Each structure stands twice: as C-alpha cells, then as structure tokens.
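As structure tokens, the structure follows; a few thoughts come after it.
Number of protein chains: 2
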Amino acid sequence: MITKKLGAQTIAFAAPPSIAGHANVVGKKEGDGPLAGSFDLINQDDSFGEKSWEKAESAMQKLALSAALDKAKQSVSVLDYIFAGDLLNQCIGSGFAMRGQDAPFLGLYGACSTMAESLCMASAMLDGGFGEWAAALTSSHFCSAERQYRTPLEYGGQRTPTAQWTVTGSGCIILARDGNGPYVTHATIGKIVDKGIKDANNMGAAMAPAAYETIKAHFQDTGRRPSQYDLIVTGDLGKLGSEILFDLFHKDGMDLNNLTDCGTLIYDLEGQDVHCGGSGCGCSAVVLTGHLLNGMRAGRWKNILFCGTGALLSPTSTQQGESIPCICHAAAISCTK
Amino acid sequence: MITKKLGAQTIAFAAPPSIAGHANVVGKKEGDGPLAGSFDLINQDDSFGEKSWEKAESAMQKLALSAALDKAKQSVSVLDYIFAGDLLNQCIGSGFAMRGQDAPFLGLYGACSTMAESLCMASAMLDGGFGEWAAALTSSHFCSAERQYRTPLEYGGQRTPTAQWTVTGSGCIILARDGNGPYVTHATIGKIVDKGIKDANNMGAAMAPAAYETIKAHFQDTGRRPSQYDLIVTGDLGKLGSEILFDLFHKDGMDLNNLTDCGTLIYDLEGQDVHCGGSGCGCSAVVLTGHLLNGMRAGRWKNILFCGTGALLSPTSTQQGESIPCICHAAAISCTK
C-alpha cells in the first residue's frame, strides 16, 4: 500500500509511531531563558566536563539519548535505529557520540532541520515495519559553531542585527511502534529552496521561503487547514525569518496566527542579547523535546506541525560567493492517532 | 508486519525495490584505470567546467543524477525522494547539487559508506510504501577532499604507504517500486565500531572491523552463507583493509574467497601510484553503478553483497587526538526477487 500520493511530499503514516520518551540537555544561557523549566539538564559549564567544544557536543548527545531512553524505560540495545546529525564538519558531534552505543546508526545532515529530518525518518522506518524502536537525536554548541562557521570566540567579532545565536543543547526523541502518544502522524519532506540570499548572518531570511513551500505542500497534500493545528512551529527562523514567513502566507490570503518559532521562544529576545533569536540543530531539538512535547502531554496543545528549517551552506560556499540552499521538513504530531 | 527480526540489523524487503537506472561520472585518473569501460562519462578536466573543486563536485552529482534518470527513462519530478551526501564540510557537494531539482531531498552523512546508506534508505522508503521512485546519490573529488582533510594540492605533501586516493567521481542509482531488477533484497544497518586507530592515513585498518561486524551480522540475521553471494564487495577498504577483513573472517574459520573491494578495483595499484587504492564516497558509488551493476545486467554475477564502509572522522577530531569511529552498511543486490 502506498501511503503517499503521487507527486505529493507528505506521508500519512498508517500506524503513527508513538513518542515514548523525550529529553534534552542545555547550557547556561539556555537555562537562563524563558523555557528553563522545560529542560531536563541545565549545565552551568558549557564544556560538559570535556576538553574541547566538539567533545562537549558529543557529551550532550550522549546525555540526551540516555535521558530519553530512561524516560521511555528502555536501554539503547532495544533501538532498531538511531538517526542523528549535527552542524560540525563531518558530523563528528554525532559520530563520536555513537561510539559504544549498541544500536544501528544512520547519519543525517540537514543543518538546523536535523531534528525534523531525523524524526521523519525514524517514524518512516517504524511505520514501514522495519523495527519497533528508534531514536531521533541532534545537537549544536555555540562555541563549536562560532569557531567553525564564523570566528573563534577569542576574536570577539561583532554580531549583525540579523544574526541568530547558536543554541548549546541536544534533544532526543525515542519513538515506539506501539504506545500511547503523542503520535507522529505525517511527515512532509522538503525540496531545496534558494532565493539568492548570500548573507550567512541572515539565515532567517534565507530559510523562510523553504518553510513556506513545505508548509504549503503539507496543507495541499493533506487537505488540512492551518487552524487544525494548535501551533505551527518553525525551527529556527528567528524573529526576522518568522515575520517573512507570516508575510508570505499573508500574501496568499492566509494569516497564520498560530505560527511560532523555536528560535524566538528559547531566549528572551530583549534581555539576552541574541539579536534575532536562537538557531542551530539543538534549538528546535530542545524546544520540541521540552516546551512543546511537555505542553502536549499536559493537554495544552493537541496538534502541532513541527517544521525544521535548515540552511545548507558552509563557510567555503560563502567564501565562494554562493547563495544559500535551504530546506524544511515538517512532522505533524498529535495526541490522537 | 515487521520485516526485521528483534535485535537484528537486517531488513528483508517484502517487495524488493528494482534498480531502474544507474550512472556515473569520473575524472581523468579514474578514466585511465582498469574500469574505464564501465563509466558513463570520463572528464579529462577535473574542474567539470567550474571555478572551484567544490562546485565541480556538485556538477558531477548533477550529471550523474541526470544520466541515471535518463537510463530509467524518467524525469527528476517523478522522484519521491533523493537521498544524497558527500564528504565536504556541511555536505555542500549534495546541498548545492540539489538546487533547482524538483524533488524532496534528504541529506545523509555516512562518509564513504554514503552510497550504501543512501541505497538502504531509498529502498526502505519504497518498500515501506512511501513512494514509487527514489534516487541514491553521492560523490567525492580528489582535489576538494585533499584540501579539506589533508593539505591543499599546491603543498605537495608526501603520501604514506597506507594512504588511499580519493576518487573523483559521482554515482547515482534510481530505484523503482516496480521493475525488472536487479533488486535490493536486504539492508543491514551498521553500528559504530572504533578499535582505537588514530592514523587518518590508514582508513582501511580503521574501517575493516566495522565491515567485519556488519557482514557477520548480515549472515547471522539472514541465515545466509558467504558462498550464496557471487561477490562480497566492500567500499573502500583498500589493499591493507581488505587483507585485515579477510584475516578477521579467517580467524572465525571462514575464508571469504569471493571478497573484493571497490578501492582495489578502480585503479591499477601498481601503475597508478595510488598506494592502497581508491577511497571517498565516489569510489564505491562509481564502481557499483558501473562495473558491478553492468556485470549483473550482463549475467556475470547474480547476487552481490555491497558493503559501504565509512570513517566518521574530521581533521578536527584528528587534531584533538581522537581515534576513528567507523561504520559499514550493507545492501544485498540480486537479479531475482
């Protein structure tokens, strides 16, 4: 049976996988923000006891995976698949976190869309009948991202008004083929969208058109209306990107009043000097595995559309004058099947 | 229905997807090697008409995708998914190749295992009922890899005896839910194996134990014997890594006399100054989409086990003194379902 219409981008899962556990780990700045109460572990020392920022990022992934498994009352060896990725060159945050994990591993690269991509892929593997348990995992670290994408922290570079602040954090979801929800009911896989933005400090503007295309495809494919979701959450367009996305739908005669963004939720935009908000794979991962899923479990929201956005640039592509290819993958999460 | 046993690593596809098209593109050195007759396009100029090596790599991916679609008599818009990845930082080879491609894109990072990983994932998506057509695509480029992982070419660094030569090439497979084969019948997803090798110029030794674990898991999960395959092909252990893999099985009382390696097949190891052989995502991709699949179509082989091996290191992890986490994913390809 084909559960995706010809030419469509959305899979409607026949047996929606259940979110059996979710957990996150963040650094000090995230712990000082408005979502502090939704984090499982807030570390005051962003090194997480490691000697390098890259190793700290791997340590966060291991902590998030372990905590999520704990909540699902499972051990790593039950996992049929771990889908993970991060922003570091050659995804070493994930590759090194996987050492010693007794589970099949599939590495992804979707930049800041990785939480959504891994959730969509893990859901597909379980719905497809290829296993009982899967993990979706990602991370980012302010200090490793700054020195890799921009300049080492010691340089003290000035940030532009459109810049976003890379979240130090890792989030993990454990999916089960059977369970009591919340359920991943749909996955909409994005296409690359590149509208010619070349400013690597303005990711929100670059990624907003990709979010627009994927969300529009989701509505077209499913016949759903925006009002059927309590929240449509992008991750992470930031303040400017969110405004652009709102405007793009407004031009179509559609006001998305339930639109919000992980990058604007995670920090106090006025008080924490983060300019346009949070970013990085870890941003949408920790907001989803904390604030959003906790809220669903508490009955605050019944249906959300989680839209991970990624900017697939590198410092090399920027230096070579290239514009930024962007992508957005969306997962519909519901308290009922 | 679950088509993977509990605790196993191997999916036995209920409706094995068919390889509807396969094509490859290589540079001059690969075109001078023993497999020249199996390449669709040999470019004498490794720049592929582009201004940078990174852009050349994207150009190769676009050419390979287009040629494979042409052989499958399809256009890109029929594709339900493109799975692609490469070795470049933030996988820009793939991300930029996907600009303007009208198809959902899922980015992977599996280092040199990417051809196997993308083939396994694309097969799972079709067998799972999530679409009709999918592409598996990857590339590597000697010049972009050298300057990223080691030193710029102009530096003229001396190569160690255990070094492998990164293949300049891209390979693509178009999978169809229905077709006349060859078919992808099984996918064995690997776990990370790290035996403590720290020498980034000795990938074969680092990756051989990962290949050993995945191939062993494949036999355990399926109950198959090595002799049921005409070829067991790793990609890319090179000469030294292949010998280690043979020895590991020999210690178990099993002589894999049908073992071969894409890295030793692609070059003339004596005459082309490549030391231990070829490597890079493109190596196993172009050998699979040329020599191996052409041979299957010509009736030379009926069953092969294609085992992509990846070393998930980065220059940063090497500089920080870390050993190399490795992985191997295997796809069983057969002329009959």
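Protein sequence lines correspond, in order, to chains F and B.
For the first sequence, position 301 (counting from the first letter as 1) is numbered 301 according to this note's numbering, and the numbering increases by one without interruption.
For the second sequence, position 279 (counting from the first letter as 1) is numbered 279 according to this note's numbering, and the numbering increases by one without interruption.
Glycine included, every Cβ here is placed at the ideal spot set by N, Cα and C.
For clarity, every value in this text was computed on a predicted model and none was experimentally measured.
Alpha carbon to alpha carbon, how far is residue i from residue j?
i, j, result
"His329 of chain B", "Tyr212 of chain B", "11 Å"
"Gly366 of chain B", "Asn180 of chain F", "Outside the shown range of chain B (1 to 337) lies residue 366 of chain B, about which nothing can therefore be said."
"His250 of chain F", "Lys216 of chain F", "12 Å"
"Ser140 of chain B", "Gly277 of chain B", "15 Å"
"Leu259 of chain B", "Gly223 of chain F", "52 Å"
"Pro17 of chain B", "Lys195 of chain B", "35 Å"
"Glu270 of chain B", "Lys239 of chain B", "11 Å"
"Gln148 of chain B", "His275 of chain B", "20 Å"
"Thr188 of chain F", "Gly290 of chain B", "33 Å"
"Ala120 of chain F", "Phe96 of chain B", "Looking at the sequence provided, one finds Cys at residue 120 of chain F rather than Ala. The alpha-carbon atoms of Cys120 of chain F and Phe96 of chain B are separated by roughly 22 Å."
"Leu126 of chain B", "Ala176 of chain B", "7 Å"
"Gly241 of chain B", "Ala206 of chain B", "8 Å"
"Thr160 of chain B", "Leu153 of chain B", "15 Å"
"Val287 of chain B", "Ile266 of chain B", "7 Å"
"Gln319 of chain B", "Ala200 of chain B", "10 Å"
"Asp86 of chain B", "Pro34 of chain F", "38 Å"
"Trp165 of chain B", "Gly157 of chain B", "13 Å"
"Asp261 of chain F", "Phe306 of chain F", "9 Å"
"Asp173 of chain B", "Lys73 of chain B", "Reading off the sequence, residue 173 of chain B comes out as Ile, not Asp. Taking the straight line from one Cα to the other gives about 13 Å."
"Leu237 of chain B", "Gly263 of chain B", "6 Å"
Taking 8 Å as the threshold (C-beta atoms), are residue j and residue i in contact?
i, j, result
"Phe105 of chain B", "Lys4 of chain F", "no"
"Pro209 of chain F", "Val193 of chain F", "yes"
"Gly107 of chain F", "Leu108 of chain B", "yes"
"Ser144 of chain F", "Glu50 of chain F", "no"
"Phe13 of chain F", "His218 of chain F", "no"
"Ser118 of chain B", "Phe142 of chain B", "no"
"Gly169 of chain B", "Asn24 of chain B", "yes"
"Asp102 of chain B", "Ser77 of chain B", "yes"
"Val184 of chain F", "Ile333 of chain F", "yes"
With DSSP as the reference, identify every bridge partner of residue i, one or two as the case may be.
i, result
"Gly277 of chain B", "Answer by DSSP bridge pairing: none, since Gly277 of chain B is not bridged."
"Asp86 of chain B", "B:Ser139"
"Tyr183 of chain B", "B:Ser18, B:Ser334"
"Phe105 of chain B", "B:Ile82"
"Thr260 of chain B", "B:Val233"
"Phe306 of chain B", "B:Val233, B:Ala331"
Using a beta-carbon distance below 8 Å, is residue i in contact with chain B?
i, result
"Asp80 of chain F", "yes"
"Glu30 of chain F", "no"
"Tyr109 of chain F", "yes"
"Glu213 of chain F", "no"
"Phe48 of chain F", "no"
"Pro152 of chain F", "no"
"Asp194 of chain F", "yes"
"Glu322 of chain F", "yes"
"Gly179 of chain F", "no"
"Phe142 of chain F", "no"
"Asp45 of chain F", "no"
"Ile327 of chain F", "yes"
"Ser75 of chain F", "no"
"Glu146 of chain F", "no"
"Leu137 of chain F", "no"
"Gly131 of chain F", "yes"
"Met98 of chain F", "yes"
Return no unless some Cβ of chain F is closer than 8 Å to the Cβ of residue i.
i, result
"Cys91 of chain B", "yes"
"Lys191 of chain B", "yes"
"Thr336 of chain B", "no"
"Pro226 of chain B", "no"
"Thr3 of chain B", "yes"
"Glu117 of chain B", "yes"
"Gln101 of chain B", "yes"
"Ile11 of chain B", "yes"
"Phe105 of chain B", "yes"
"Ala124 of chain B", "yes"
"Met60 of chain B", "no"
"Phe306 of chain B", "no"
"Met121 of chain B", "yes"
"Gly282 of chain B", "no"
"Ser375 of chain B", "There is simply no residue 375 of chain B to check, as chain B begins at 1 and stops at 337 in what is shown."
Assuming residue i contacts residue j under a Cβ cut-off of 8 Å, what Cβ separation, rounded to an integer in Å, is found between them?
i, j, result
"Phe130 of chain B", "Gly128 of chain F", "7 Å"
"Cys283 of chain B", "Gly204 of chain B", "That belief does not hold up - the Cβ atoms of Cys283 of chain B and Gly204 of chain B are roughly 12 Å apart, past 8 Å."
"Ala134 of chain F", "Leu79 of chain F", "6 Å"
"Ser323 of chain F", "Val167 of chain F", "About 25 Å separates the two Cβ atoms, so there is no contact after all."
"Leu313 of chain B", "Gln61 of chain F", "With a Cβ gap of about 17 Å, Leu313 of chain B and Gln61 of chain F do not count as contacting."
"Gly171 of chain B", "Ala64 of chain B", "6 Å"
Using a Cβ-based criterion (distance less than 7 Å to any ligand heavy atom), does residue i qualify as near the ligand COA?
i, result
"Ala330 of chain F", "With respect to small molecules bound, the structure shown includes none, and the ligand COA cannot be examined in it."
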